[in-house]
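Residue numbers (the UniProt record's numbering), protein chains in the order written: chain W, 1 to 113; chain H, 1 to 234. Using N, Cα and C, we set each Cβ at its ideal position, and we do this for glycine too. Treat the numbers as computed from the prediction; the structure is a model and nothing was measured.
This is the structure in structure tokens:
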């Protein structure tokens, strides 16, 4: 499978998971929340300073339908993380060390010092 | 596992912030050696996948859920230093955009969910890959165990912060078993998702799995292929 195909497939999987499957996720408290609740670790928990932001708690403000709200926020999140992550990693990448050798096309030739 | 503001006091949150910044700085340097034109986009995709998977809370026991942390998975797929950065990006977006995980607690969260999971997960993974036979199933099995260990390791790191700087006075003898118990169960889910994802990528592009480099069966150079001409042409 070419890298492009793999990336496209991966983005599609992430989008389906965040956009559609997320609706079916368990709404029970997670491990830490459960322990905090049961044992009283959360007695001094503070509200999130950005709790009123448009995407707070994985919902889109103004979208009444719960399923659409969660799914849309998930899609936005996947997009934001994809752009932020890809940008960061693209800037950090070394100069194609061994890259040509592992390229599926095998056709790239870059001069190595 | 996202720690909200107010669980850990300000001084210890600040210490955690220093640990997180140091860990990210070290990872920014280390990731340069792990990333190239091929793996950089894959690392971006891994971050998006971890974000998506973290939305999928799965039920564990007694009205409790868990979700993927992803540090072990990211470390195995794209390298340990890049793995720390992958989860850190996810945690930063969650805290800043989705109000998930506190702001003063961001240092705690990056430390326990990015640094500890990637370090513990990748450490266990390398150890197992070394002792297991060189094969794809071994890589998948090692990924399973590494992910399984990474979640209680993360819980343990939280307990350490709590013992030093918790804003409440719940004794260690209560917090430790409770946190470890539930996170071993969540670790099983983490292990399943991680093994499934790693084996899927291995199936299509084993060369792109950072942790599998050097574990593939050596390629054989066939000098005189006994193939029929029509096969050779295809």
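Query                                                                                                                                                                                                                             : Result
Check whether the Cβ atoms of residue 91 of chain H and residue 83 of chain H lie closer than 8 Å to each other.                                                                                                                  : no
Which residue from W/16, W/27, W/34 and W/38 puts its Cα closest to that of residue 78 of chain W?                                                                                                                                : W/16
Quick check on residue 109 of chain H - is its C-beta less than 8 Å from some C-beta in chain W?                                                                                                                                  : no
Tell me which same chain residues have a C-beta within less than 7 Å of the C-beta of residue 47 of chain W, skipping the five on either side of it?                                                                              : none
Using CA atoms only, rank isn't needed, just tell me which of H/15, H/88 and H/38 is closest to residue 2 of chain H.                                                                                                             : H/88
So, is residue 67 of chain W buried or exposed, given that buried needs 16 or more other C-beta atoms within 10 angstroms?                                                                                                        : exposed
Beta-carbon of residue 158 of chain H versus every beta-carbon of chain W: anything under 8 Å?                                                                                                                                    : yes
Using 8 Å as the cut-off, can you tell me whether the region 56 to 73 of chain H makes contact with the region 186 to 197 of chain H, which would need three or more C-beta pairs spanning the two stretches below that distance? : yes
Taking only three categories from DSSP, how would you classify residue 58 of chain H?                                                                                                                                             : strand
If the cut is a Cβ gap below 8 Å, which residues of chain W does residue 113 of chain H touch?                                                                                                                                    : Correct list: empty, because the minimum Cβ distance to chain W is about 10 Å.
Suppose you measure from the CA of residue 208 of chain H to the CA of residue 11 of chain W; what does that come to, to the nearest Å?                                                                                           : 16 Å
If contacts are defined as beta-carbon pairs under 8 Å, then residue 96 of chain H and residue 50 of chain W qualify, I think. What distance do you get, rounded to the angstrom?                                                 : 7 Å
On a Cα-Cα basis, can you pick out the residue from W/36, W/74 and W/56 that is closest to residue 54 of chain H?                                                                                                                 : W/74
Name the chain W residues that come within less than 8 Å of residue 7 of chain H, Cβ to Cβ?                                                                                                                                       : 36, 41, 42, 44 and 45
Beta-carbon of residue 20 of chain H versus every beta-carbon of chain W: anything under 8 Å?                                                                                                                                     : no
Closer than 7 Å by beta-carbon distance: list the chain H residues that pair up with residue 93 of chain W, in chain order.                                                                                                       : 35, 36, 37 and 40
Only counting the same chain, and skipping five residues up and downstream in sequence, which positions put a Cβ closer than 6 Å to that of residue 31 of chain H?                                                                : 81, 82 and 85
Measure the C-alpha to C-alpha separation of residue 57 of chain W and residue 98 of chain H and round it to an integer number of angstroms.                                                                                      : 5 Å
Take residue 42 of chain H as the anchor and find which of H/110, H/206 and H/223 has the nearest alpha-carbon.                                                                                                                   : H/206
Rounding to the nearest angstrom, what Cα-Cα distance links residue 11 of chain H and residue 4 of chain W in this structure?                                                                                                     : 46 Å
Which same chain residues, not among the five before or five after residue 105 of chain W, have their C-beta less than 7 Å away from its C-beta?                                                                                  : Low per-residue confidence applies at residue 105 of chain W: pLDDT is 42, beneath 50, and the placement is therefore not dependable enough to give any value.
Bridge partners for residue 30 of chain W per DSSP, in chain order?                                                                                                                                                               : H/65
Just the chain W side, please: which residues come within less than 7 Å of residue 32 of chain H by C-beta, in chain order?                                                                                                       : 92 and 94
Does DSSP classify residue 166 of chain H as helix, strand or coil?                                                                                                                                                               : strand
When the Cα atoms are used, what is the spatial distance from residue 178 of chain H to residue 24 of chain H?                                                                                                                    : 29 Å
What residues in the region 57 to 83 of chain H have a beta carbon less than 9 Å from any beta carbon of chain W?                                                                                                                 : 57, 58, 59, 60, 62, 63, 64, 65, 66, 67, 78 and 82
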